[in-house]
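In what follows, a structure is listed as structure tokens, so that the remarks can point back to it.
Residue numbers (the numbering used here): 66 to 251.
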């Protein structure tokens, strides 16, 4: 058997945003030790907003890593909120665009250390409803999808959730076409 066994959990820190636990785990060879686990009480959402072979991206700074980069709209679910509702809300709050969403993929960004889940959606039918939130992004732009691989190679998409969402979208649409129809060759 290759599954780890959890014998217990000891909470080290807790806030409304997260908790840090020490889980008493046993690995398949019988070794037992404490493993740090970050637990977030709410899942998050992220949205790859596409229109006319472009994706809506936010240029922003993250103080935690002191890095500037392109990100898709994302945020946590509020209590009682569905992932779909949160995705629409977060996109509009952060970018000033209201979208219709369809599920793309669900990921666990740090599954070796965290129980956190992010539900990623494809956003379509973007309608401008206001301005972007300057606390969320220095600017918001429609970037051609064919420029995304170059931005990734240059290290300009440092956010793991954004990177996973964009590469998943590009991979799946290369095989099946975007939600609005087949992808043009060329």
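Note that beta-carbon positions come from the ideal geometry of N, C-alpha and C, so glycine has one too. Note that this is a predicted model, so its numbers are computed, not measured.
TODO: Pull up the distance between the alpha-carbon of residue 199 and that of residue 133, whole angstroms please.
DONE: 14 Å
- [ ] Would you mind stating whether residue 139 and residue 155 have Cβ atoms separated by less than 8 Å?
- [x] yes
Task: residue 121 versus residue 78: straight-line alpha-carbon distance, rounded - done: 36 Å
TODO: Could you check the C-alpha separation between residue 72 and residue 99 for me, to the nearest Å?
DONE: 10 Å
Open item on the list: Taking 7 Å as the limit between beta carbons, can you name the residues of its chain near residue 69, skipping five residues before and five after?
Closed with: 90, 91, 92
TODO: Would you decide whether residue 96 is buried or exposed? Buried here means 16 or more other CB atoms lie within 10 Å of its CB.
DONE: exposed
TODO: Please name the residue or residues paired with residue 111 in a DSSP beta bridge.
DONE: 139, 185
Task: Nearest candidate by alpha-carbon position, reference residue 172, set 204, 230, 159, 218 - done: 230
Open item on the list: Once DSSP output is grouped into helix, strand and coil, what is the label at residue 130?
Closed with: coil
Open item on the list: According to DSSP, is residue 124 part of a helix, a strand, or is it coil?
Closed with: strand
Open item on the list: Beta-carbon within less than 7 Å of residue 160's beta-carbon, same chain only, minus the 5 sequence neighbours each way: which residues are those?
Closed with: 121, 123, 138, 197, 205
Task: Beta-carbon contacts of residue 194 that lie in its chain and below 8 Å, excluding the five residues immediately before and after - done: 157, 161, 162, 163
Open item on the list: Out of 210, 238, 125, which one is the CA nearest neighbour of residue 170?
Closed with: 238
Open item on the list: When you compare the CB positions of residue 148 and residue 187, do they come within less than 8 Å of one another, or not?
Closed with: no
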